[in-house]
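So the structure is just underneath, and the comments pick up after that.
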DNA sequence: GGATATTGCTCAGTATGCTGACTATCAGTA
DNA sequence: TACTGATAGTCAGCATACTGAGCAATATCC
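Protein chains in written order, with this note's numbering: chain W, 4 to 157; chain A, 4 to 157.
Spelled out as structure tokens, the structure:
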């Protein structure tokens, strides 16, 4: 068997593990209780008011069955609202609340700090290169997961 | 807010998501039902017969509370055994079974294939560079997660 | 030797993520 | 319009991961 350090899958798991831990720690230090997934969902709702859950899922590459619970928790925290759509009675329209907007604003420095910390072992140039290579690998593998990224075609 | 494509945390999640999907698909194609985590645990048990759960967790950077369930499932599938240690009655010694050894041997091509597929968008040189950068970032962030990698000091 | 701290493991609870199934609704078409 | 297929969302079930608590056993220190 190859060394774990030469298995991209193992390295992916470790890096993700650290990224989540850093995010939660920074956000907790700032006095908030929001997971990376909840943050991404909330930021995307703010940027695309009134979008439905499937579109949201496509924009951040979540599985549609995962979204349900994430939104549940955002709603329960009073950060987002879920309304029946008038155009399509199957769909729900998502909106950010004032409280959600305030939270996003206050939490941004912690989120940015977390992104820096998870790259702290790399030079700025290396960090850019890591992100470029991840983007390239992800683009090639996008369709291989159940929840591929879906750009909105308007 | 920054674009998701410039957030290392988001890229980490996406890459990990694809890596797991590819691993499961390749292993299923080969006729097996083993998760990445179960595979890593089993391979590590084989390489370190008789090790206890905490040591195993340290070698592959799992949380100790996660290990319990993983071993449960390996034992239930008949791939590993959990025995009380004679030296320390709190600890359990882990051993791979013949069935586990057979499974590992047969599954190896699928695992290697998965590692190639998750890097298929990159050149060989880029793949190496991605792994180098991930290793470097992980080394710097190792202590930031609850389950840091612990090399065995013999 | 005995109090104290530490360690190995487990468990309860919570949050992703997935598979697969189901309901309600919508869209296209014969 | 009735049929068919696709779509939006939810749910049950399973497998990571984590926090925090607890139990039993071991190590340490006085």
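For each residue, glycine too, the CB sits at the ideal point set by N, CA and C.
Between residue i and chain A, is any beta-carbon pair separated by less than 8 Å?
i: residue 156 (chain W); result: Here residue 156 (chain W) scores only 43 on pLDDT, less than 50, and its place in the model should not be relied on; the value that follows carries that caveat. It does not; no Cβ of chain A falls within 8 Å.
i: residue 94 (chain W); result: no
i: residue 118 (chain W); result: yes
i: residue 124 (chain W); result: yes
i: residue 98 (chain W); result: no
i: residue 138 (chain W); result: yes
i: residue 103 (chain W); result: no
i: residue 29 (chain W); result: no
i: residue 43 (chain W); result: yes
i: residue 51 (chain W); result: no
i: residue 153 (chain W); result: no
Would you kindly check if the distance between the Cβ of residue j and the Cβ of residue i is under 8 Å?
i: residue 14 (chain W); j: residue 134 (chain A); result: yes
i: residue 146 (chain W); j: residue 132 (chain A); result: no
i: residue 85 (chain W); j: residue 95 (chain W); result: yes
i: residue 124 (chain W); j: residue 143 (chain A); result: yes
i: residue 48 (chain W); j: residue 18 (chain A); result: no
i: residue 137 (chain A); j: residue 129 (chain W); result: no
i: residue 62 (chain W); j: residue 119 (chain W); result: no
Once the 5 residues before and after residue i are set aside, which same chain residues still bring their CB inside 7 Å of it?
i: residue 150 (chain A); result: 60, 64, 65 and 66
i: residue 45 (chain A); result: 77, 82, 83, 99, 103 and 107
i: residue 50 (chain A); result: none
i: residue 39 (chain W); result: 23 and 26
i: residue 162 (chain W); result: For residue 162 (chain W) there is no data in the structure shown, the boundaries of chain W being 4 and 157.
For my contact list, residue i and residue j are in at a C-beta cut-off of 8 Å; report their separation, rounded to the angstrom.
i: residue 148 (chain A); j: residue 24 (chain W); result: 4 Å
i: residue 11 (chain W); j: residue 122 (chain A); result: 6 Å
i: residue 100 (chain A); j: residue 81 (chain A); result: 6 Å
i: residue 7 (chain W); j: residue 43 (chain A); result: 7 Å
i: residue 55 (chain A); j: residue 88 (chain A); result: 6 Å
For chain W, is any of its Cβ atoms less than 8 Å away from the one on residue i?
i: residue 148 (chain A); result: yes
i: residue 141 (chain A); result: yes
i: residue 133 (chain A); result: yes
i: residue 39 (chain A); result: yes
i: residue 144 (chain A); result: yes
i: residue 84 (chain A); result: no
Just to confirm my understanding: we take residue i, look at its own chain, exclude 5 residues before and 5 after, and list those with CB closer than 6 Å. What are they?
i: residue 29 (chain A); result: 113, 116 and 117
i: residue 139 (chain A); result: none
i: residue 53 (chain A); result: 96
i: residue 35 (chain W); result: 110
i: residue 37 (chain W); result: 30
i: residue 3 (chain W); result: The displayed coordinates of chain W run from 4 to 157. Any statement about residue 3 (chain W) would go beyond what the structure contains.
i: residue 91 (chain A); result: none
Could you pull out every residue in the same chain whose Cβ sits closer than 8 Å to the Cβ of residue i, ignoring the five residues on either side in sequence?
i: residue 33 (chain A); result: 109, 110, 112 and 113
i: residue 71 (chain W); result: 56
i: residue 21 (chain W); result: 121
i: residue 127 (chain A); result: none
The ligand MG and residue i: does any heavy atom of the ligand fall closer than 7 Å to the residue's C-beta?
i: residue 74 (chain A); result: Of the ligands one can find in the structure shown there are none, so the ligand MG has no counterpart to examine.
Closer than 9 Å, Cβ to Cβ, to anything on chain W: give me those residues from the region 10–27 of chain A, in chain order.
Those residues of the region 10–27 of chain A that come within reach of chain W (Cβ to Cβ, closer than 9 Å) are 10, 11, 12, 13, 14, 15, 16, 17, 18, 19, 20, 21, 22, 23, 24, 25 and 26.
Interface residues of the region 55–78 of chain W facing chain A [CB-CB below 8 Å]
From the region 55–78 of chain W, only 63 and 64 have a Cβ closer than 8 Å to chain A.
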